[in-house]
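In what follows, a single structure is set out as C-alpha coordinates and then discussed.
Residue numbers (our numbering): 94 to 202.
Spelled out as C-alpha coordinates, the structure:
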(Lines of atoms letter the chains of each structure in order from A and count residues from 1; the text may use other names and numbers.)
(Lines give C-alpha, C1' and ligand atoms only; values in the text may rest on other atoms or scores of the structure.)
Protein backbone atom coordinates (compact mmCIF):
# COMPACT_ATOMS: atom_id res chain seq x y z
CA UNK A 1 0.00 0.00 0.00
CA UNK A 2 1.45 3.36 -0.95
CA UNK A 3 -0.25 5.25 1.88
CA UNK A 4 0.21 4.35 5.54
CA UNK A 5 -2.67 2.13 6.60
CA UNK A 6 -4.02 4.51 9.23
CA UNK A 7 -4.30 7.30 6.66
CA UNK A 8 -5.90 4.99 4.08
CA UNK A 9 -8.44 3.73 6.64
CA UNK A 10 -9.28 7.31 7.66
CA UNK A 11 -9.89 8.24 4.03
CA UNK A 12 -12.13 5.20 3.46
CA UNK A 13 -14.17 5.98 6.55
CA UNK A 14 -14.55 9.59 5.48
CA UNK A 15 -15.63 8.52 1.95
CA UNK A 16 -18.25 6.16 3.42
CA UNK A 17 -19.55 8.75 5.87
CA UNK A 18 -19.83 11.42 3.18
CA UNK A 19 -22.04 9.01 1.22
CA UNK A 20 -24.30 8.48 4.23
CA UNK A 21 -22.91 5.18 5.54
CA UNK A 22 -21.59 4.39 9.01
CA UNK A 23 -17.95 3.30 9.13
CA UNK A 24 -15.64 2.63 12.05
CA UNK A 25 -12.54 0.72 13.09
CA UNK A 26 -13.26 -2.50 14.98
CA UNK A 27 -9.59 -3.44 15.46
CA UNK A 28 -6.50 -1.34 14.86
CA UNK A 29 -3.41 -2.88 13.35
CA UNK A 30 -0.02 -1.55 12.37
CA UNK A 31 -0.39 2.13 11.48
CA UNK A 32 2.12 2.03 8.66
CA UNK A 33 1.81 -1.33 6.97
CA UNK A 34 -1.09 -3.36 8.39
CA UNK A 35 -3.40 -5.22 6.03
CA UNK A 36 -7.17 -4.57 6.18
CA UNK A 37 -10.33 -6.64 6.39
CA UNK A 38 -13.58 -4.86 5.58
CA UNK A 39 -16.76 -6.10 7.18
CA UNK A 40 -19.64 -4.80 5.06
CA UNK A 41 -23.20 -4.86 6.38
CA UNK A 42 -26.05 -4.30 3.94
CA UNK A 43 -28.64 -2.79 6.29
CA UNK A 44 -31.70 -3.25 4.04
CA UNK A 45 -30.93 -6.88 3.25
CA UNK A 46 -29.51 -7.58 6.73
CA UNK A 47 -26.57 -9.41 5.20
CA UNK A 48 -22.89 -9.14 5.97
CA UNK A 49 -19.85 -10.08 3.91
CA UNK A 50 -16.13 -9.45 4.20
CA UNK A 51 -13.38 -8.34 1.86
CA UNK A 52 -9.70 -9.02 2.49
CA UNK A 53 -6.86 -6.90 1.19
CA UNK A 54 -4.25 -8.76 -0.85
CA UNK A 55 -0.98 -7.16 -1.92
CA UNK A 56 1.01 -8.46 -4.89
CA UNK A 57 4.13 -6.35 -5.31
CA UNK A 58 2.95 -2.75 -5.60
CA UNK A 59 -0.60 -3.75 -6.57
CA UNK A 60 -3.41 -3.84 -4.02
CA UNK A 61 -6.44 -6.02 -4.69
CA UNK A 62 -9.42 -7.12 -2.66
CA UNK A 63 -11.02 -10.55 -2.47
CA UNK A 64 -13.85 -12.28 -0.71
CA UNK A 65 -11.94 -14.79 1.42
CA UNK A 66 -15.09 -16.71 2.39
CA UNK A 67 -18.40 -16.96 0.60
CA UNK A 68 -20.43 -17.48 3.76
CA UNK A 69 -22.59 -14.62 4.95
CA UNK A 70 -23.19 -16.35 8.29
CA UNK A 71 -22.24 -13.91 11.09
CA UNK A 72 -20.56 -16.67 13.13
CA UNK A 73 -18.43 -17.81 10.18
CA UNK A 74 -17.42 -14.21 9.48
CA UNK A 75 -16.45 -13.55 13.10
CA UNK A 76 -14.57 -16.85 13.24
CA UNK A 77 -12.59 -15.92 10.13
CA UNK A 78 -11.71 -12.48 11.52
CA UNK A 79 -10.59 -13.93 14.87
CA UNK A 80 -8.43 -16.54 13.10
CA UNK A 81 -6.81 -13.92 10.86
CA UNK A 82 -6.15 -11.54 13.78
CA UNK A 83 -4.52 -14.38 15.71
CA UNK A 84 -2.26 -15.04 12.71
CA UNK A 85 -1.61 -11.34 11.92
CA UNK A 86 -1.76 -8.92 14.86
CA UNK A 87 -1.03 -6.01 12.47
CA UNK A 88 -4.38 -6.57 10.73
CA UNK A 89 -7.01 -3.81 10.74
CA UNK A 90 -10.74 -4.62 10.80
CA UNK A 91 -13.06 -1.89 9.52
CA UNK A 92 -16.84 -2.19 9.52
CA UNK A 93 -19.06 -0.34 7.08
CA UNK A 94 -22.82 -0.32 7.56
CA UNK A 95 -24.68 0.94 4.52
CA UNK A 96 -28.30 0.79 3.36
CA UNK A 97 -27.09 -0.25 -0.10
CA UNK A 98 -24.26 -2.58 0.99
CA UNK A 99 -21.54 -0.49 -0.68
CA UNK A 100 -17.86 -1.04 0.17
CA UNK A 101 -16.49 2.32 -1.09
CA UNK A 102 -13.30 0.78 -2.48
CA UNK A 103 -11.71 2.04 -5.66
CA UNK A 104 -9.45 -0.99 -6.14
CA UNK A 105 -10.54 -4.13 -7.99
CA UNK A 106 -12.29 -6.98 -6.21
CA UNK A 107 -11.68 -10.60 -7.14
CA UNK A 108 -14.26 -13.25 -6.37
CA UNK A 109 -13.31 -16.72 -5.23
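Ideal Cβ placement from N, Cα and C applies to all residues, glycine included.
Bear in mind the structure is a predicted one, so any value in this text is a computation, not a measurement.
Requested in this report: Could you work out which residue in 143, 188, 148, 100 is closest to residue 172 when comparing CA atoms only?
Outcome: 143
Query raised in the report: Using the beta-carbon count (16 or more within 10 Å), is residue 140 buried or exposed?
Result: exposed
Report task. Write down the C-beta distance between residue 98 and residue 182 rounded to the nearest angstrom, noting that I regard them as a contact closer than 8 Å. Result -> 6 Å
Requested in this report: Give the C-beta separation of residue 184 and residue 119 to the nearest angstrom, bearing in mind that I take them to be a contact with Cβ-Cβ under 8 Å.
Outcome: 7 Å
Report task. Pick out whichever of 105, 193, 108, 126 has its Cα sitting closest to the Cα of residue 148. Result -> 126
Query raised in the report: Given that a residue counts as buried once 16 or more other Cβ atoms are within 10 Å of its Cβ, and exposed if not, what is residue 194?
Result: buried
Query raised in the report: How many angstroms separate the CA atom of residue 150 from the CA atom of residue 198?
Result: 15 Å
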